[in-house]
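To start, the structure itself, in C-alpha cells.
Residue numbers (this note's numbering): 2 to 104.
Take a look at the structure:
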C-alpha cells in the first residue's frame with residue numbers, strides 16, 4: 002500500500018510541448034534499431050529519415066484525408082505483440098487542388 006502523502010504530492014498530468022519533441026536519432030534508441038543500433042549503423046539513416054519526412058509532407062500537402070461517411074476514427078487496439086488496430090483504418094483521399102495542376 003502506498004503512503005497517502007506520496008499520492009497527495011504527485012503533480013497532476015499536464016500536456017506540454019516538450020513531451021512531443023523529436024527524438025535524438027543519433028544516439029542508441031531501441032525505437033530506431035533498423036537505422037542505428039551499434040558501431041555498424043546504417044550509413045544512409047539520415048537520408049532515409051529525410052525521404053520519409055518528405056514523402057509524408059507531400060501526402061499531407063497534396064491530399065485531404067477523410068473517412069467514409071465522416072465517421073470518427075476508432076483508436077482501440079487489437080491483441081497482438083505489435084498492437085494492430087482493432088478495426089482497420091479506411092481513408093479517402095481527395096485532391097486539394099484541381100487535377101490539371103498535378104499533370
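Heads up, the beta-carbon is just placed ideally off N, CA and C, and yes, glycines get one too.
In terms of residues, what are the limits of the alpha helix (DSSP H) holding residue i?
{"i": "residue 57", "result": "46-63"}
Within this structure, are the beta carbons of residue i and residue j separated by less than 8 Å?
{"i": "residue 64", "j": "residue 96", "result": "yes"}
{"i": "residue 75", "j": "residue 56", "result": "no"}
Between the Cα of residue i and those of the options, spot the shortest distance and give me the residue it belongs to.
{"i": "residue 110", "options": "69, 93, 73 and 60", "result": "The requested residue 110 is not part of the displayed model; the chain covers only 2 to 104."}
{"i": "residue 90", "options": "82, 69, 42 and 99", "result": "69"}
{"i": "residue 92", "options": "42, 72, 77 and 50", "result": "72"}
Would you kindly report the start and end of the unbroken beta strand (DSSP E) that includes residue i?
{"i": "residue 95", "result": "93-96"}
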